[in-house]
Every structure is written in C-alpha cells, then in structure tokens.
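> If you read the sequence shown in this note's numbering, its first letter stands for residue 672, the second for the next number, and so on.
Even for Gly, the Cβ is constructed at its ideal location relative to N, Cα and C.
The structure that follows is given in the form of structure tokens.
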Amino acid sequence: MPFRMEKERTVATPYLLIDEEKNYMKLEGRCFDESMGLFFKEILDWLDIYLETDFGEFTFDNATEYFNSSTTKLLLKMLLKMDKYASDTKKIIVNWITIEENEIMVECGEDFMEELENIEFNIVIVD
C-alpha cells in the first residue's frame with residue numbers, strides 16, 4: 672500500500688503532504704519551530720526508501736513563506752538527496768512557489784537551484 676502522510680500546519684511548522692501514490696510532496700507555510708530537525712527527519716527517512724524505488728516522476732511543491740537558518744540546511748539536505756537520485760528514468764521536479772514581494776524566498780530558491788544538477792527546479796511566482 673502506498674505511503675501517505677499529512678500534517679496540518681501550526682504557527683511554527685508547515686503543512687506537509689506526502690502522497691506516494693501520486694508521487695507528490697508539498698510543504699506550505701512557515702518553518703521556524705525548534706524541533707524542525709524531527710519534522711524533517713520523517714521526510715528524510717521516507718525519502719531514503721522512496722528514492723530507491725522506480726517512481727518514474729516525482730514532484731515536490733515548496734510553498735513555504737518563511738524558514739529559519741536551521742530549516743535552510745534541512746531543506747538543502749533534502750534537495751541534495753533528491754538531486755542524487757534524479758536521472759533520465761527518475762525525473763524529479765521541484766516547484767519553488769512564492770510571491771514576487773518575498774525577495775528572500777525568491778533568492779533562496781535561486782541559491783538552491785545553483786546547488787542542484789539533475790532536478791528540474793522551477794521558481795513559480797504567484798499573485
């Protein structure tokens with residue numbers, strides 16, 4: 672049975688959806704809780720297993736509005752893990768969703784994009 676996890680957003684943690692059946696993951700909201708390491712550990716542990724499968728195409732929508740420096744490191748770790756597995760047969764698409772006014776998130780997306788070689792990384796500006 673395909674894995675599925677959904678966590679509602681809190682004041683300090685983002686909404687999370689992992690839907691293995693749809694080869695999809697989404698983060699949305701703010702990430703600055705002191706325990707973001709534990710939050711991301713679940714995601715990273717799942718990715719370790721999932722990325723070994725023949726998923727074909729996987730999409731990660733990141734619509735976080737704000738995150739602290741420790742979350743930056745965790746997001747980069749997650750993206751680098753995905754990048755390691757991305758290939759012609761395992762397409763990984765990252766949609767970095769933000770608003771134009773959130774210059775920090777736009778710049779962060781651009782910085783992350785420079786670190787990745789194999790992922791299709793799209794910065795998506797919404798109204």
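What first and last residue would you give for the alpha helix (DSSP H) that runs through Glu-778?
Note, Glu-778: alpha helix (DSSP H), 774-786.
> Just checking my contact of Asn-789 with Ala-757 at CB under 8 Å: how many whole Å lie between their CB atoms?
Rounded, the Cβ-Cβ distance is 4 Å, consistent with contact.
> Whether or not the region 759-779 and the region 717-737 are in contact is what I'm after, with contact meaning three or more pairs of Cβ atoms, one per stretch, closer than 8 Å; do they touch?
Yes, the region 717-737 touches the region 759-779.
> If you run the structure through DSSP and keep just helix, strand and coil, what is Leu-722?
Coil.
> Who are Val-797's beta bridge partners in DSSP?
For Val-797, which the question treats as bridged, DSSP gives the partners Ile-770.
> Please classify Val-765: is it buried, with 16 or more other beta-carbons within 10 angstroms of its beta-carbon, or exposed?
Val-765 should be labelled buried.
> Please state whether DSSP places Lys-762 in a helix, a strand or coil.
It is a strand residue.
> Would you give the residue range spanned by the beta strand (DSSP E) that Met-696 belongs to?
695-702 is the extent of the beta strand (DSSP E) around Met-696.
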